[in-house]
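J.: I have a structure here, written as structure tokens, and I will follow up with some questions on it.
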Amino acid sequence: MLEQWMYIGIFMVVAMMLPSIAIIIAGLLSPRRPNPIKNSTYECGIETVGPGWPQFRVQYYIFGLVFLIFDVETVFLFPWAVAYNRLGLFAAVEAALFIAILAGGLIYAWKKGALRWL
Amino acid sequence: MTSLQIVFLIIAAVTLASAVMVVTARRLMHAALWLILTLLGVAAVFATLQANFFAVVQVLVYIGAIAILIIFAIMMTREVMSVTGPRLNRGWGWAAAAAAGGLAGLVAVLSTWQGFQTVLEPLPSGSVGVGALGEAFLDPNRFAVPFEVASVLLVAAMVGAIYIAVDRKVVEEQ
Amino acid sequence: MDFLKDPVTFLANQLVLWLTGLGLPEGVVRFLSFSIGAAILATSSLLFVIFLIWFERKLIGRVQDRLGPNRLGPFGLFQPFADMLKIFTKEYVTPSGVDPVPYNLAPVLAVSSVMAIWAVIPFANTIYGVDLDVGVVFVLAVGGLAQLGIILAGWGSNNKYALLGGFRALAQLLSYEIPMVITLLIPVMLAGTLSLTGMVTAQDVPFVAVAPLAALIFFIANLAEVSRAPFDLPEADSEIVAGFNIEYSGLKFGFFYVAEFLHGFTSALLFATVFLGGWRGPLAEEIPILGFIYFAIKTSLVYLTILLVDATVPRFRIDQLLNFSWKLLTPLALALLVAMALVDRAMVGMGVESIWIRLPVFLALNAGLFAAGAYFLDRARRRAPRPVVSGGPRPVARPENFTMQPK
Amino acid sequence: MIPLSWYLMLAAALFAIGLFGVLARRNAVAVLLGIELMLNAVNINLLAFWHRSQQLSAEPHVTGLVFAAIVFAVAAAETAVALALIISVYRRRDTVVVDELDLLRG
């Protein structure tokens, strides 16, 4: 069991190292002639206006929120889906109820206009 | 000291160090990024506990959704992006004392428990199925009620959060 | 003969034998063999991208009635190598005021999060990185790391366009992950396991034949996850300044593109594994290399479809894109999941166990829901407000139409 | 092979750090980050005890897993509502510093 994670751990380390090494090698190979204009923040050729952090609309938050709720739902639905073949109709009804409640939330968000990109 | 123990100690050190950075980082965005590292460490701890499903779900839900939502919220409140004023409140010394006292108390209580030194052996493969969890969740005599209540809780949170967050004026104007 | 049937296992066994022969303890041998296997798998995924870039450029060129790369080597095969040399020697222009760690970590994370999926994909009966018992959720989870890479790039660049582009990309990824997760529940349900290897073994009938609508929704959501047309808003070259990777240059920029190409192909791998039966085919279990070939063919077909869609379909607007996910795909996927579970369990409860009797019912369900989805899509299209196109003369880009005339 | 005590100590330390964050930080979002740390500490404990009870008996034990799943749901719900409140408060009061939110003061 732990061997699986050992492999995943090694693989993640390798997968992080390969691009890092390539980037470092390219950094050694490439020229390096910085100047203030080249290093200024890109803004369509004109000078930067205002700070680099604009404020964001609440719409992003709403989409993140609905996503979060549906993502957590999978924590409950994946175990059900794995055990599905061993369970009967009643369990399927329970899961359907679970999903129906969530769908109710989705419909609320929809009717409220929260899912509209303003 | 086995290699697994060394790995665990490294994971624990990274987790705790980044957790300290979460509560002390000056910029809120950095605190959130350190939180992500802490969450990854906790996911690795779950993996050493052979709670495979929860190790990946930790990454999926906490990093993939909760951390991203927090970062969205940080972006919504621009004032917090700039470093203004002290990051800790005046009573932070008391808070540190309370946290240290809490830790000491927890360790003192736990170490008197006879099962404290139990060594966790690797579980035989196949004994820790997600399927068993699913069966327990849908068994009316066991956890079917928490299962449905979780759904209600999630929807209640979603409805409440949308109700609070959506600016009615903006929506009506459109 | 063993070597021809299953070269990978053969070589792996040889390696383990050789390492054990050196007198190393068992744990070290395992660590070394795992490391070598992981390094080979990861490197081959990166090298494969070189071929993918050539293939895509060639194919898109043909679709657009061009030749594509044709100067360097046969059929321009060496073009990607020339590009690689060029990008390796490009200067890194790092804007002042970046947040160094997030800025430099982002391209690495973008690539490695896609490569991580390769660790759990079964390429053949015996050829796979690791048989993780929660492989499906693992694949979804590393998608979360890819989103993290986009956030880091957007925030680390200290550029409002990068940040804005990153958030737009993020909104898209988040929106399409939901239908993807829900449609992945259907194969999990049918196979009864979260392991990708187990899922392939369970597909006596490929799941695309059992739940074609789920496969379709999964395919569409995958297109959006890899930002291919019609969902290529995050790097719509012609519209916004280039999204979250605007402040990157040289190989750091290159790695975002590598990640994009690799992600496109990896999604094809995933689709072939989950819905097309992976390496399954005649004689695949006896001769693993044959299974590998079946898998390669299936994957290529899926990838070709992705590329052809990419080459031919116009781009969505952001509100259309979000509506399409939240108001069509997500409800449809939820309805499909519930309907299939209820009907299937009811049938099994009545004593109908055979997959051949349940299959037509499943297909009818899928077809019915597809029709319902198409109906609602059409209704939404009819109701959508349309801009009034005036009958007057349109401005044409002729010299006399410009107020400022050249002297 | 790892003693249960290590997990419990790790969880206790994480909990204490989170508690410090909740009590000491001025920014409401930072307070929320502290709560996330505490919830994670709880989950480490739950899963460590689940592992212990699983190795002590042959029967599949799932109670710890069920609790951990519920903690995930609670964490998600709490984050969603708390952040919505913070955003809403920020829009009205233009601040997210906890000390300055004293509207209920008599």
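Residue numbers (my numbering), protein chains in the order written: chain G, 1 to 118; chain Y, 1001 to 1174; chain P, 2001 to 2407; chain D, 3001 to 3106. Idealized CB from N, CA, C, for every residue including glycine.
Using CA coordinates, which residue listed in 2148(P), 2029(P), 2049(P), 2140(P) is at the minimum distance from residue 2254(P)?
T.: Looking at the Cα atoms, 2049(P) is the closest of the given residues.
J.: Does the beta-carbon of residue 2174(P) have 16 or more other beta-carbons within 10 angstroms, so that it is buried, or is it exposed?
T.: So residue 2174(P) ends up on the buried side.
J.: Buried or exposed for residue 19(G), going by 16 or more other Cβ atoms inside 10 Å?
T.: Buried is the call here.
J.: Could you check what DSSP says for residue 2077(P) in three-state terms: helix, strand or coil?
T.: Note: residue 2077(P) maps to coil in three-state DSSP.
J.: Using 8 Å as the limit for Cβ to Cβ distance, is residue 1010(Y) near chain G?
T.: No - not a single Cβ of chain G is within 8 Å of the one on residue 1010(Y).
J.: When the cut-off is 8 Å and only beta carbons count, does residue 1053(Y) lie next to chain P?
T.: Closer than 8 Å: yes.
J.: For chain Y, is any of its Cβ atoms less than 8 Å away from the one on residue 83(G)?
T.: Yes - at least one Cβ of chain Y is within 8 Å of the one on residue 83(G).
J.: Suppose you measure from the CA of residue 2212(P) to the CA of residue 3002(D); what does that come to, to the nearest Å?
T.: Approximately 47 Å, taken between the alpha carbons.
J.: Just checking: is the beta-carbon of residue 1143(Y) within a distance shorter than 8 Å of some beta-carbon in chain G?
T.: It does not; no Cβ of chain G falls within 8 Å.
J.: Answer with yes or no whether the minimum CB distance from residue 3072(D) to chain G is below 8 Å.
T.: Output row for residue 3072(D): interface = yes.
J.: Would you mind sorting residue 2079(P) into buried or exposed? The rule is 16 or more other CB atoms within 10 Å of its CB.
T.: Buried, because 16 or more other Cβ atoms sit within 10 Å of the Cβ of residue 2079(P).
J.: Distance cutoff 8 Å, beta carbons only. Does residue 3001(D) sit that close to anything in chain Y?
T.: Judged by the 8 Å Cβ criterion, residue 3001(D) is in contact with chain Y.
J.: May I have the straight-line CA-CA distance separating residue 3004(D) from residue 3053(D), to the nearest angstrom?
T.: Distance between the alpha carbons of residue 3004(D) and residue 3053(D) is about 11 Å.
J.: Tell me which residues share the same chain as residue 2227(P) and place their Cβ nearer than 6 Å to its Cβ, disregarding the 5 neighbours each side in the sequence.
T.: Excluding positions up to five away in sequence, the list reads 2234.
J.: Quick one: what's got a C-beta closer than 6 Å to residue 1121(Y)'s C-beta in the same chain, skipping five residues either side?
T.: Result list for residue 1121(Y): empty, nothing under 6 Å.
J.: Write down the C-beta distance between residue 2231(P) and residue 2056(P) rounded to the nearest angstrom, noting that I regard them as a contact closer than 8 Å.
T.: Wrong, their Cβ atoms sit about 16 Å apart, outside the cutoff.
J.: Which of helix, strand or coil does DSSP assign to residue 1011(Y)?
T.: Helix at residue 1011(Y).
J.: So, with DSSP's three-state summary, where would you put residue 2287(P)?
T.: Looking at residue 2287(P) - three-state DSSP - the assignment turns out to be coil, as it is neither helix nor strand.
J.: Quick check: the stretch 2101-2111 of chain P against the stretch 2143-2154 of chain P, are at least 3 beta-carbon pairs closer than 8 Å?
T.: Touching, per the Cβ criterion.
J.: Note down the Cα distance separating residue 2119(P) from residue 3077(D), rounded to an integer number of angstroms.
T.: Their backbone Cα atoms lie some 33 Å apart in a straight line.
J.: For a test of the three-state rule: what should DSSP assign to residue 2007(P), helix, strand or coil?
T.: Of the three classes helix, strand and coil, the one that applies to residue 2007(P) here is helix, per DSSP.
J.: Using a 10 Å radius around the Cβ and a threshold of 16 neighbouring Cβ atoms, would you call residue 38(G) buried or exposed?
T.: The residue is exposed, with fewer than 16 neighbouring Cβ atoms inside 10 Å.
J.: What did DSSP end up calling residue 2315(P) once you bin it into helix, strand or coil?
T.: Coil, per DSSP.
J.: List the residues of chain Y whose Cβ lies closer than 9 Å to the Cβ of residue 3038(D), in chain order.
T.: Result: empty, since nearest Cβ-Cβ is about 10 Å, beyond 9 Å.
J.: Relative to chain P, which residues along the stretch 1027-1055 of chain Y have a C-beta separation below 7 Å, given in chain order?
T.: Result list: 1029, 1033, 1036, 1052, 1053.
J.: Output the distance between the C-alpha atoms of residue 2256(P) and residue 2114(P), rounded to the nearest integer angstrom.
T.: Computed Cα separation, rounded: 11 Å.
J.: What in chain D is Cβ-close to residue 70(G), meaning under 7 Å?
T.: Going along chain D, no residue has its Cβ under 7 Å from residue 70(G), so there is no contact; the nearest lies around 10 Å.
J.: How would you label residue 2371(P), buried or exposed, when you count the other beta carbons within 10 angstroms and need 16 or more for buried?
T.: By the neighbour-count rule (16 or more Cβ atoms within 10 Å), residue 2371(P) is not buried but exposed.
J.: Put residue 2128(P) into one of helix, strand or coil per three-state DSSP.
T.: Of the three classes helix, strand and coil, the one that applies to residue 2128(P) here is strand, per DSSP.
J.: For the stretch 3013-3082 of chain D, list the alpha helix (DSSP H) runs that are entirely contained and at least 4 residues long, ordered along the chain.
T.: Segments of the alpha helix (DSSP H) lying fully in the stretch 3013-3082 of chain D: 3028-3056.
J.: Distance cutoff 8 Å, beta carbons only. Does residue 2014(P) sit that close to anything in chain Y?
T.: For residue 2014(P), the answer is no, since every Cβ of chain Y falls outside 8 Å of its Cβ.
J.: Under a three-way DSSP split, which group does residue 2022(P) fall into?
T.: It is coil, neither helix nor strand.
J.: Return no unless some Cβ of chain G is closer than 8 Å to the Cβ of residue 2315(P).
T.: Not one chain G Cβ lies under 8 Å of residue 2315(P).
J.: Using a Cβ-Cβ distance under 8 Å, would residue 1059(Y) count as near chain P?
T.: Yes, residue 1059(Y) lies at the interface with chain P (some Cβ there is under 8 Å from its Cβ).
J.: Count the other CB atoms, across all protein chains shown, that sit within 10 Å of the CB of residue 2378(P); report buried if there are 16 or more and exposed otherwise.
T.: So residue 2378(P) counts as exposed.
J.: For the putative contact between residue 2036(P) and residue 2273(P), defined by C-beta atoms under 8 Å, what is the C-beta separation to the nearest angstrom?
T.: 24 Å between Cβ atoms; not a contact.
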